[in-house]
Ligand code: SPD
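In the numbering used here, the protein residues as written are 210 to 601.
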């Protein structure tokens with residue numbers, strides 16, 4: 210309720226600032242259409258579907274609320290084939306190879322910029338996505354760097370790459386040693402990693418997940434294009450390699466199941482792990498950290514492939530996903546913030562109040578905003594990462 214009052218207050222301020230007054234809506238539409246002005250394409254009366262009632266979606270694992278796909282299938286009569294990929298690199302390779310067979314894909318904006326420029330994604334038919342109006346304009350504005358004019362991408366969710374810990378186990382493994390002020394020390398500083406290796410250190414298994422946060426840790430630009438910076442990141446990482454137990458992109462069970470007590474992981478996945486551990490009867494405290502030097506923000510976005518066979522079904526699904534109640538489900542069940550302004554009002558108070566999901570403005574200001582990688586930077590990152598992983 211508080212949020213609604215706030216939203217009303219904000220729109221009142223905006224209206225006042227524009228010098229506009231709200232006009233009462235007309236009681237009824239005119240019986241006969243008045244001469245139509247050639248304006249924006251008219252929105253169809255309802256969803257438009259392709260003849261073949263199929264939709265192929267390619268998304269990250271553990272990223273869709275239970276029952277959401279089934280609800281869309283029931284309502285639309287469309288059969289959804291839902292596959293998952295674990296890294297942006299894997300999705301990118303498929304898109305570059307072409308003929309993916311997928312209609313909707315969910316790249317991070319860090320990769321999507323190049324995919325748009327390379328013609329791998331098609332513009333959205335916005336007239337078929339009326340619920341686009343529910344998106345937060347501030348969030349849409351952040352995508353413009355990757356997608357000028359917001360033609361191709363709509364956020365699925367956003368979150369941040371951070372340090373996730375099983376606090377109970379970490380405190381035990383550290384013995385009397387105090388927790389560091391900067392949580393990144395737990396995964397990058399030998400003083401800590403040498404102790405935490407006993408309960409398990411896990412890293413996300415992808416160059417573009419690890420190298421940017423390593424660069425940030427050593428004081429470099431997380432999206433640097435300077436080869437000397439990559440070399441320095443590799444040198445820092447080499448010092449902790451022997452302490453890293455596993456590389457994984459499906460970290461939820463690794464953390465919840467006790468294979469890792471500390472991980473470089475995605476915020477929402479750590480929150481899911483905390484819930485799963487509880488469900489399994491564990492009393493351990495699992496937390497997504499807010500490192501003092503900031504965490505790396507990401508946006509995962511829905512996009513339609515250039516050769517999608519079911520583009521209309523794709524638009525219909527996107528519109529369905531953008532309903533406020535569905536957007537709210539994403540945050541309530543998956544622990545990732547939605548960029549859907551209308552949906553935020555329906556998020557449960559305990560989720561809306563969780564600072565590791567909806568981070569507070571002062572921490573948000575410290576975070577590392579998303580950018581994008583050039584092909585050269587990606588190659589350099591892959592070389593450093595592969596050397597690190599092999600222990601060379
Ligand atoms: N449970 C899967 C969450 C997907 C997160 N995508 C992260 C992309 C970060 N670059």
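The C-beta atom is built at its ideal place from N, Cα and C for all residues, glycine as well. Remember, predicted model here, so these are calculated numbers, not experimental data.
Answer yes or no: the CB of residue i versus the heavy atoms of the ligand SPD, is any distance below 6 Å?
{"i": "residue 267", "result": "no"}
{"i": "residue 507", "result": "yes"}
{"i": "residue 478", "result": "yes"}
{"i": "residue 463", "result": "no"}
{"i": "residue 475", "result": "yes"}
{"i": "residue 271", "result": "yes"}
{"i": "residue 317", "result": "yes"}
Compute the Euclidean distance between the alpha carbons of residue i and residue j, then round it to the nearest angstrom.
{"i": "residue 498", "j": "residue 364", "result": "23 Å"}
{"i": "residue 505", "j": "residue 580", "result": "10 Å"}
{"i": "residue 546", "j": "residue 537", "result": "9 Å"}
{"i": "residue 360", "j": "residue 569", "result": "29 Å"}
{"i": "residue 469", "j": "residue 376", "result": "11 Å"}
{"i": "residue 560", "j": "residue 601", "result": "43 Å"}
{"i": "residue 352", "j": "residue 387", "result": "39 Å"}
{"i": "residue 439", "j": "residue 307", "result": "30 Å"}
{"i": "residue 421", "j": "residue 302", "result": "20 Å"}
{"i": "residue 406", "j": "residue 334", "result": "50 Å"}
{"i": "residue 433", "j": "residue 368", "result": "21 Å"}
{"i": "residue 515", "j": "residue 489", "result": "43 Å"}
{"i": "residue 248", "j": "residue 541", "result": "Unreliable placement is indicated for residue 248, whose pLDDT of 49 sits below 50; the coordinate value is still reported in the next sentence. Near 39 Å, if we compare the C-alpha coordinates of residue 541 and residue 248."}
{"i": "residue 254", "j": "residue 336", "result": "10 Å"}
Do residue j and residue i count as a contact pair if the criterion is CB distance below 7 Å?
{"i": "residue 300", "j": "residue 512", "result": "no"}
{"i": "residue 271", "j": "residue 548", "result": "no"}
{"i": "residue 519", "j": "residue 264", "result": "yes"}
{"i": "residue 465", "j": "residue 486", "result": "yes"}
{"i": "residue 510", "j": "residue 395", "result": "no"}
{"i": "residue 402", "j": "residue 452", "result": "yes"}
{"i": "residue 417", "j": "residue 576", "result": "no"}
{"i": "residue 413", "j": "residue 458", "result": "yes"}
{"i": "residue 501", "j": "residue 400", "result": "no"}
{"i": "residue 260", "j": "residue 523", "result": "no"}
{"i": "residue 343", "j": "residue 551", "result": "yes"}
{"i": "residue 374", "j": "residue 471", "result": "yes"}
According to DSSP, is residue i helix, strand or coil?
{"i": "residue 524", "result": "helix"}
{"i": "residue 579", "result": "coil"}
{"i": "residue 555", "result": "coil"}
{"i": "residue 585", "result": "helix"}
{"i": "residue 422", "result": "helix"}
{"i": "residue 364", "result": "strand"}
{"i": "residue 412", "result": "strand"}
{"i": "residue 313", "result": "strand"}
{"i": "residue 505", "result": "strand"}
{"i": "residue 512", "result": "strand"}
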